[in-house]
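When we follow my numbering, the leftmost residue of the sequence shown carries the number 7, and every step to the right adds one. Ideal placement from N, C-alpha and C gives every residue a C-beta, glycine not left out.
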Amino acid sequence: MYDTQTRSLLETDNPYPALMSLSGTVEANADGSVDLWFGPTAPDGKESNWVQTVPGTSWFTILRLNGPLESWFDKTWRPGEIEPVS
């Protein structure tokens, strides 16, 4: 999670405003997909898949793939768009 003004990591209460699947803390859905939540506070029950944002501060994300599978290279898989929820 990066600040659009500084292009640096977003300054939040968390030391690293990011989620990493290799950390073992991100919860996957039954079908293997993962829902990520972005906002100033975590939705109830979604804390493990939440990245804190700062009200009034714009941000952008970067998806890093370590050891991507063939489906990334042959473009049969792509990540979904970020969708607002209320």
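In terms of Cα proximity to Pro21, the closest of Pro74, Ala36, Leu71 and Gln58 is Gln58. With 16 or more other CB atoms across the displayed protein chains lying within 10 angstroms of its CB, Pro23 is buried. Per DSSP, Trp43 is one residue of the beta strand (DSSP E) stretching across Trp43 to Gly45.
A direct Cα-to-Cα measurement between Lys81 and Leu75 gives close to 10 Å. Judged by DSSP secondary structure, Trp56 falls within the beta strand (DSSP E) whose first and last residues are Trp56 to Gln58.
A direct Cα-Cα distance of roughly 29 Å separates Ala36 from Trp65. Approximately 10 Å separates the beta-carbon atoms of Trp78 and Leu69; this is outside 8 Å, ruling out the contact.
Distance from the CA atom of Thr31 to the CA atom of Leu42, rounded to whole angstroms, is 12 Å.
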